[in-house]
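Here's the structure we're looking at; comments come further down.
Residue numbers (my numbering): -13 to 109.
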C-alpha cells in the first residue's frame, strides 16, 4: 500500500464499495480509511479521470498485439496522429519520471516492453 498518507478519491463502484465493506483493507493492523467514493456525475475531476483511463485502456489494447502489427500501424500514422501519439507518450513519460508509483498495470511482459519502448522513442 504505497499511498497511506494520501487522501484517495474513487468513482462510486457499488461492487468495490461492497467488497471493501465486507473485507476492509488493513495496513499494519489498521483498517485503511484514507479514501472515499464520489459519484462522478457530481465531480468533474472524476469525469476527467474516467476519460484518461479510457484513453489508456485503448492504448494498451493497441499495444497488446504483435509488435510487427503495432509498428506497421505507427508507420502509417498521419502527421496529426503522430503528433497526438508523441503527446500521449510524452505525458506518460513525464508522469512516470515524476513518480514511478503512478504506473500500475496488469499486462504481459511483451505489452509492458512495448509500452516502455514506444514511450522512450516517441515520448
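Quick reminder that beta carbons are idealized off the backbone N, C-alpha and C, glycines included.
All values reported here derive from a predicted model rather than from experimental measurement.
| Check | Outcome |
| --- | --- |
| Cβ separation of residue 26 and residue -3, assumed to be a contact under 8 Å, to the nearest whole Å | 5 Å |
| At least 3 beta-carbon pairs within less than 8 Å: the region 64 to 73 vs the region 14 to 22 | no |
| Among 101, 109 and 106, nearest to residue 44 - alpha-carbon criterion | 101 |
| Cβ neighbour criterion (16 or more within 10 Å) applied to residue 84 | exposed |
| Residue 56 and residue 48 closer than 9 Å at C-beta | yes |
| DSSP bridge partner residues for residue -6 (one or two, in chain order) | 21 |
| Residue 78, buried or exposed, once every other Cβ within 10 Å from all chains shown has been counted against 16 | buried |
| Best match in -1, 93 and 54 for proximity to residue 42 [C-alpha to C-alpha] | 93 |
| Residue closest to residue -5, alpha-carbon to alpha-carbon, out of 12, 34 and 8 | 34 |
| Under the three-state DSSP convention, the category residue 91 falls into | coil |
| Contact belief for residue 91 with residue 46 at Cβ below 8 Å, rounded distance in angstroms | 7 Å |
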